[in-house]
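Position in the sequence shown (from 1) plus 134 gives the number in this note's numbering.
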Amino acid sequence: MQKSEPILDGAPAVIADVGYIAPTDAAACLQKRLLEGELSGALAAEIRSMLGYAQDLEQQVEDLDLLHATTVEASTALENELSVRNELVTAFLANTSHEIRTPLNGIIGQAELLIEEMRDEGLDHYERDLERIIGAGRHLVSLINDILDLSKVEAGRLELRTERVDLQGLVHDVLESCSPLADRNEIRLWADLDAALEIEGDPLRIRQCLLNLVSNACKFTRRGEVKLRGWMEGDLVGGQVFVSVADTGIGIRPEQLGNVFEPYRQAHVRTGLDVGGTGLGLAYTKTLARRMGGDVKVISEVGKGSTFTLRLPAKAPPDARRTPLPL
């Protein structure tokens, strides 16, 4: 069906009901009519302008498509390269740490045997020196373990177990481990846990998180208190377990709170309080907590102390049980 309609320039045109015409076909049709002189005047000028604009847009789209393809290719190549490098770094750290820890464990073992022999021989005055050797060796092994564990988490190669956790017993063990440091710094170290506290997860990794938080609190507290408190919100299915570690130590300045969980940030460098360490403990704790489906938060006030709160799902989520764990 056809009908006659007036158009611009007063020239009649026949408009056919032909249905949908693709934009590229319509542009080609208009271009042809311009070349053949069928369109003129203001309408022709307007159409030429629109066609030029359309060509510019088409070129920009092509350029963007090319840029996108190039970016995706470069991103994929970079991701593959980083993956290979992560594997190499992890393997290197694992091999190196093994080579270092093996002789260190031998030194520690021999020193422990010497202490027993010295006691048998009545040479107790050498015991203190040997204990210093043992303490230094264990400290070095601990630093190596921190570096290796963080590299495993970041590379997604840390395996997690899921089982019912005796949190009361685990906390007691952590406090026992930190009691010598607490005694040296004249700290009252104690815990208050809800009796009905239940959690499923990896007991070893949860212990590592709590040990890092409690030992860190003891390091930066003098003649004060470190209190560990645990409670649960919800039930075992879908609930959350919270364990806070509050100290009365030196506190953290507001401008430092934003990077307190970044690797290699050693607080004693800024405070002048020499407590040793690599600056990996808090970074490892937060990364590990997130891999278990939780997190770690901190609030602090200079001169009054800090409170670090570990949050974990009462029941480990399915994606936290996969091994190896993906980043």
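For each residue, glycine too, the CB sits at the ideal point set by N, CA and C.
L301 places its beta carbon less than 7 Å from that of L331. Rounded to whole angstroms, the gap between the alpha carbons of L185 and L169 is 13 Å. Short of 6 Å from the beta carbon of S378, and not among the five residues preceding or following it, lie these beta carbons of its own chain, in chain order: R363, T441, T443. Judged by beta-carbon spacing, E334 lies within the 7 Å limit of K449, meaning their Cβ atoms are closer than that value. Listed in chain order, the non-local C-beta contacts of G439 below 6 Å within the same chain comprise D381, T382, G383, G385, local neighbours out to five positions each way being set aside. Beta-bridge analysis with DSSP links P447 to Q374. Between C312 and A225, the alpha-carbon positions lie close to 32 Å from each other. A direct Cα-Cα distance of roughly 55 Å separates A270 from A203. DSSP places M366 within a strand segment (E or B) once states are collapsed to three. When only Cα atoms are considered, Y187 and A179 end up about 12 Å apart. In the DSSP secondary-structure assignment, A325 is bridged to L362. Less than 7 Å separates the beta-carbon of L264 from that of L248. Beta-bridge annotation (DSSP): S434 is paired with S440.
In this structure, the straight-line span from the alpha carbon of R219 to that of E435 is close to 40 Å. Closest option to A423, judged by alpha-carbon separation, among N393, I433, V375: V375. If you check the CB distance, V432 and K420 do not come in under 7 Å.
Non-local beta-carbon contacts of M426 in its own chain, meaning distances under 8 Å to residues more than five positions away in sequence, involve L294, G335, D336, R339, I340, L446, P447, A450, A454 in chain order.
With respect to the C-alpha of L292, the residue from G303, T236, N279, G392 having the closest C-alpha is N279. According to the DSSP assignment, E310 belongs to the alpha helix (DSSP H) that extends over 301 to 318. In its chain, beyond the 5 residues on either side, V432, S434 have a beta carbon closer than 7 Å to the beta carbon of L391. Cβ contact annotation for R235 (same chain, cutoff 7 Å, sequence separation greater than five): V275, I278, in chain order. Closest in C-alpha terms to A162, from the list S174, G175, I181, comes I181.
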